[in-house]
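> FYI, in the working numbering the residues of the sequence shown are 1335 to 1868. One structure is given below, represented as structure tokens, and several questions about it will come after.
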Amino acid sequence: RPKPIDLLNQGIEKSQKVDSKVGIDTVVHWFRSDLRISDNVGLFHAVKKLQEQQKKSSGHDAPRLVALYTINEHDFRAHLDSGWKLQFALDAVNSLKNELRKLNVALVVRVFETKDPLLSRSLQYAKWFKDQCVGLARNANDAVFVTANAQYETDELYRDVKILGLNDSQFHFQVHHDQCTVIPGALTSGKGTQYTVFTPWYKKWVEYLKTHQKSGKDAVATFSFDTSKPINVDLEELESYDYTLSDEFLSYLPNQPLDVPEATEKQAHEVLRQFFHTKKAHEYNEKKDFVALSSTSRLSCYITSGVISTRAVVNYCYHENGNSLMRKDIKQNNSVENFAKEVAWRDFYKHIMCNWPYISMDLAFKFETMDIKWENDTEKFHKWCSGETGLPIVDAIMRKLLHTGYISNRCRMITASFLSKNLLVDWRWGERWFRKHLIDADLASNSGGWGFSSSTGVDCQPYFRIFNMKLQSEKYDPKGVFIKEWIPELKDVDNLKILREGISNAQMANGYSQPIVDLKESRERALEAFREAM
Ligand code: FAD
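Dropping the structure here:
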């Protein structure tokens, strides 16, 4: 069976050959997880098409650009996306509307509702989407030209394949590759196969950028157009920005919306600039794992919702690192390079998901691990979710996740390891919990990170390497500052042994209970369960 990404690429190729005999009245860019104007491949092509068409006719009848954003409540629920992510995306759409206005472009928001219970939902969605686009043309016989950027989850790929199949003389849908720095499928080994190990893949990734560099100015080409002039002659008020969402949908939004980072393109670039300006980027290697510090970039929500492109981030690193991503002249570990390498991990997981699409269908990359006999104790799982395991480092992290929608990579690895190894709970339970609570929830990176930590995924930790919670705590929160911040029951405790290992029965105080598992014994049980399955 062809992979969904191959079907998409075939559809893309076919759609690029279609040329309209009918005049194009309206060019539409469908914003999805690319909520930005700068360096947006699909939008760039939409503007290019518009300008070609505008040369043919001018004045008030000239073709115009319309921006479209659609909300599909069912898909949101199916993806288990978090309220934090939803709030961030809605804020980003609002900001996008204001920025597009400055270019005389109206942003239309439409909400999809399932109508016919007998018809497949994805087909209904595809047809509904086409109707929305065709309905934006000003004259009944005119054509619309629609661009969008590919999303690489399996359902999304199939959805776009379906929509591409609806192309006709009035509706031209084109999909572009925009989400990754290097397009999925572009990096293969000498034998032409896709990589499953990060390190050789990463070398190829850097090599690829070098050989495809269009100019010495940037590491990777970007796709921006002139924003100093309005795109449309007039700003048409399409009266379609006011949209209504169901009460159930709105109930997903976080209770403390003020804590959501400012979801604007300007702020995304400012966060990146500050990361370098405050020298955090240069101290990334030494500090990134200390859980009490805010020492990483915090760009993930911007990257996931597409408010900034990873191409822009990689180019920034390139310039800050003396126009290089891998400097052979620097012997010691280079922080900026390693930061860019982390950004590359995101590409890696997306490439993996495109090539092994079953990963986005709740399956482990390492098939043999599907036989692990998980204990799946629901009570223990709920204690993990709410930060009540009695292991201070785990509880502090899980409480922070619930309150802020964000935790660092080290925190994610610690808690994922604890759930899948010490508690022997199926990693997919944790993966779903993270997706429901992370502001940067991303299927490829999340399942990749869970696969890595639970030793079930691609290029993962060997199963016998099990994080020791006491040592993680000692190394990455040496004075217990983070633990005291998130566990009020322990805020007055100065005994480092208690902060690292939890409290014994005799010491039980302030309602904080003793650990729900013994670390040594649970480690042995995990080793046994993995050994049996492999
Ligand atoms: P920085 O350290 O500043 O890194 C910069 C950017 O590089 C990040 O914003 C992100 O886009 C990318 N990046 C960094 N580390 C990784 C990584 N290990 N894998 C993939 N991309 C990376 N990342 C998500 O974006 N969404 C998720 O849902 C997600 N779930 C994860 C679940 C687990 C169990 C683990 C171990 C990791 C997960 N990650 C996820 C990866 C990583 O933890 C986050 O990207 C990172 O913590 C975000 O914080 P930051 O922007 O400050 O990262």
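We put the CB at the ideal spot given by N, CA and C, even for glycine. Since we're looking at a predicted model, the values are computed, not measured.
1) Out of Ala1678, Tyr1797 and Lys1831, which one is the CA nearest neighbour of Arg1857?
2) Verify the contact flag: Ser1631, CB atom, against every heavy atom of the ligand FAD, threshold strictly below 7 Å.
3) How would you call Pro1534, buried or exposed, if buried means at least 16 neighbouring beta carbons within 10 angstroms?
4) Taking 7 Å as the cut-off, is the beta-carbon of Asp1776 closer than that to any non-hydrogen atom of the ligand FAD?
5) Taking the alpha carbon of Phe1559 as the point to measure from, which residue in Leu1777, Ser1523, Leu1606 and Val1381 has its own alpha carbon closest?
6) Return the Cβ separation of Phe1422 and Ser1639 in integer angstroms, given the expectation that the two are a contact with Cβ distance under 8 Å.
7) Does the beta-carbon of Thr1481 have 16 or more other beta-carbons within 10 angstroms, so that it is buried, or is it exposed?
8) Alpha carbon to alpha carbon, how far is Arg1411 from Ile1339? Give it in angstroms, no decimals.
9) Could you pull the DSSP bridge partners for Gln1528 from this structure?
10) Which term fits Gln1508, buried or exposed, when burial requires 16 or more other beta carbons within 10 angstroms of its beta carbon?
11) Could you tell me which of Trp1767, Trp1418, Phe1786 and Asp1828 sits nearest to Trp1718, measuring between CA atoms?
12) State the Cα-Cα distance for the pair Ile1706 and Arg1762, rounded to the nearest angstrom.
13) Would you identify the three-state DSSP class for His1363, choosing helix, strand or coil?
14) Which of the three DSSP states is assigned to Tyr1577 in this structure?
15) Pick out the complete alpha helix (DSSP H) segments inside the stretch 1412 to 1482, 4 residues or longer, and give them in chain order.
16) Among the candidates Lys1600, Asn1619 and Pro1397, whose CA atom is the shortest distance from the CA of Leu1470?
17) Suppose contacts are defined by Cβ-Cβ distances below 8 Å. Is Thr1515 in contact with Asp1368 by that definition?
18) Have a look at Glu1765 and Asn1780 and give me their C-alpha separation to the nearest angstrom.
19) Taking the straight line between their C-alpha atoms, what separation do you get for Val1728 and Ile1693?
20) For Asn1655, count the other beta carbons within 10 Å of its own beta carbon; 16 or more makes it buried, fewer makes it exposed. Which is it?
21) Please look up how many angstroms separate the CB atoms of Ser1787 and Ser1838, rounded, as I've assumed it's under 8 Å.
22) In terms of residue numbering, what span does the alpha helix (DSSP H) encompassing Ala1867 cover?
23) Which residues in the same chain have their Cβ closer than 7 Å to the Cβ of Gly1783, if we skip the five residues on either side of it in sequence?
24) Going by DSSP in three states, Thr1404 sits in which element: helix, strand or coil?
25) What is the residue span of the beta strand (DSSP E) that Phe1507 lies within?
26) Would you call the stretch 1516 to 1536 in contact with the stretch 1666 to 1673, where contact means no fewer than 3 C-beta pairs closer than 8 Å?
27) Taking the alpha carbon of Ala1698 as the point to measure from, which residue in Gly1785, Lys1734 and Val1400 has its own alpha carbon closest?
28) Is the beta carbon of Gly1721 sitting closer than 8 Å to the one on Ile1773?
29) Assign Leu1830 to one of three DSSP states: helix, strand, or coil.
30) With contact counted as at least three CB pairs below 8 Å, one residue from each stretch, are the stretch 1538 to 1556 and the stretch 1642 to 1652 in contact?
31) Please indicate yes or no: does the CB of Ile1637 lie closer than 7 Å to some heavy atom of the ligand PLP?
32) Determine, using beta-carbon pairs with one atom in the stretch 1497 to 1504 and one in the stretch 1337 to 1352, whether at least three such pairs fall under 8 Å.
33) Could you check whether the Cβ of Ala1750 sits closer than 7 Å to any heavy atom belonging to the ligand FAD?
34) Provide the residue(s) that pair with Ile1358 in DSSP beta bridges, ordered along the chain.
The answer reads as follows:
1) Here residue 1857 refers to the residue found at position 523 when the sequence shown is read from its first residue. Here the closest residue by C-alpha is Tyr1797.
2) As a first step, residue 1631 must be located in the sequence shown, where it is residue number 297. Checking the Cβ of Ser1631 against the ligand FAD gives yes.
3) The count along the sequence shown starts at 1 and reaches residue 1534 at position 200. Exposed.
4) Your numbering for residue 1776 matches position 442 in the sequence shown. Yes, the Cβ of Asp1776 comes within 7 Å of a heavy atom of the ligand FAD.
5) Locating residue 1559 in the sequence shown gives position 225, counting from the first residue. Nearest of Leu1777, Ser1523, Leu1606 and Val1381 to Phe1559, Cα basis: Val1381.
6) Residue 1422 sits at position 88 when you count from the first residue of the sequence shown. Residue 1639 sits at position 305 when you count from the first residue of the sequence shown. Right, their Cβ atoms sit about 6 Å apart.
7) On the sequence shown, position 147 is the one that residue 1481 refers to. Classification of Thr1481: buried, given that the 10 Å Cβ count is 16 or more.
8) Translated into positions along the sequence shown, residue 1339 becomes position 5. Translated into positions along the sequence shown, residue 1411 becomes position 77. Answer to the nearest angstrom: the Cα atoms are 24 Å apart.
9) Stepping through the sequence shown from its first residue, residue 1528 is reached at position 194. Looking at the DSSP assignment, Gln1528 forms a beta bridge with Thr1522.
10) The residue given as residue 1508 occupies position 174 in the sequence shown. It counts as buried.
11) Sequence index remark: in the sequence shown, residue 1718 carries index 384 (1-based). If we check each option's Cα against that of Trp1718, Trp1767 comes out closest.
12) Here residue 1706 is taken as the residue at index 372 of the sequence shown, counted from 1. Here residue 1762 is taken as the residue at index 428 of the sequence shown, counted from 1. Their Cα atoms are separated by approximately 12 Å.
13) Reading the sequence shown from its first residue, position 29 is the one you call residue 1363. Note: His1363 maps to strand in three-state DSSP.
14) Reading the sequence shown from its first residue, position 243 is the one you call residue 1577. Looking at Tyr1577 - three-state DSSP - the assignment turns out to be coil, as it is neither helix nor strand.
15) 1417 to 1435 and 1455 to 1468
16) Residue 1470 sits at position 136 when you count from the first residue of the sequence shown. When each option's Cα is compared against that of Leu1470, the closest is Pro1397.
17) Translated into the one-based positions of the sequence shown, residue 1515 becomes position 181. Translated into the one-based positions of the sequence shown, residue 1368 becomes position 34. No, the Cβ-Cβ distance between Thr1515 and Asp1368 is not below 8 Å.
18) Within the sequence shown, the letter at position 431 stands for residue 1765. Within the sequence shown, the letter at position 446 stands for residue 1780. Straight-line Cα distance between these residues: approximately 7 Å.
19) The residue given as residue 1728 occupies position 394 in the sequence shown. The residue given as residue 1693 occupies position 359 in the sequence shown. So the alpha carbons of these two residues sit roughly 26 Å apart.
20) Within the sequence shown, numbered from 1, the residue matching residue 1655 stands at position 321. When all chains shown are included, Asn1655 counts as buried.
21) The residue given as residue 1787 occupies position 453 in the sequence shown. The residue given as residue 1838 occupies position 504 in the sequence shown. Contact flag wrong, Cβ pair sits at about 28 Å.
22) Reading the sequence shown from its first residue, position 533 is the one you call residue 1867. First-last of the alpha helix (DSSP H) with Ala1867: Leu1853 to Ala1867.
23) Counting from one through the sequence shown, the residue named residue 1783 turns up at place 449. Arg1746 and Ala1750.
24) As a first step, residue 1404 must be located in the sequence shown, where it is residue number 70. It is a strand residue.
25) In the sequence shown, counting from the first residue as 1, residue 1507 sits at position 173. Here the beta strand (DSSP E) through Phe1507 covers Phe1505 to His1510.
26) no
27) The count along the sequence shown starts at 1 and reaches residue 1698 at position 364. Here the closest residue by C-alpha is Gly1785.
28) Translated into positions along the sequence shown, residue 1721 becomes position 387. Translated into positions along the sequence shown, residue 1773 becomes position 439. Their beta carbons are not under 8 Å apart, which means Gly1721 does not touch Ile1773 by this criterion.
29) Position 496 of the sequence shown, counted from the start, is the residue given in the question as residue 1830. Residue state, collapsed to three classes: helix.
30) yes
31) This structure simply doesn't include the ligand PLP; it includes the ligand FAD instead.
32) yes
33) Translated into positions along the sequence shown, residue 1750 becomes position 416. Because some heavy atom of the ligand FAD lies under 7 Å away, the Cβ of Ala1750 counts as near it: yes.
34) In the sequence shown, the residue the question calls residue 1358 occupies position 24. The partner list for Ile1358 (beta bridge, DSSP) reads Ala1477.
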